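Below: one structure, written as structure tokens.
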């Protein structure tokens, strides 16, 4: 990959992270439900689906795709990539792989978060 590719990913990542922070500050907590994180994940999943659909059919630049999908949406939320990959597995008819990916991701990520907290206590 060229240096331009990496610069586009980095610039997009900065934009995505700023967008996530701004949305989190704007929404704030609502009771116990993590509304801001929920909204970020849903919005990011919607946007990566739209972006992937567009870029898979167009001849647009790899750099633009790197900026938007890997950078902006990766910085905004990585849940969007997980959602897209799960949908792609389902579209390919790989239901077992999709279910395994879904269940293993949820369980392992929850375990990882809990382990990380436990290790630093």
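Numbering (my numbering), first residue to last: 21 to 141. Think of the CB as a built atom: it goes at the ideal place given N, C-alpha and C, for glycine as much as any other residue. Nothing here was measured: the structure is a model prediction, and the numbers come from that model.
- Non-local beta-carbon contacts of residue 86 in its own chain, meaning distances under 6 Å to residues more than five positions away in sequence, involve 25, 28, 29 in chain order.
- Where residue 123 is concerned, the enclosing alpha helix (DSSP H) starts and stops at 115-139.
- If you check the CB distance, residue 56 and residue 62 do not come in under 8 Å.
- Boundaries of the alpha helix (DSSP H) around residue 111: 99-111.
- Shortest Cα-Cα distance from residue 71 to any of 104, 121, 54, 58 involves 104.
- Going by C-alpha positions, residue 59 is about 28 Å away from residue 82.
- One Cα belongs to residue 95, the other to residue 51, and the distance between them is close to 26 Å.
- For residue 33, the enclosing alpha helix (DSSP H) begins and ends at 23-47.
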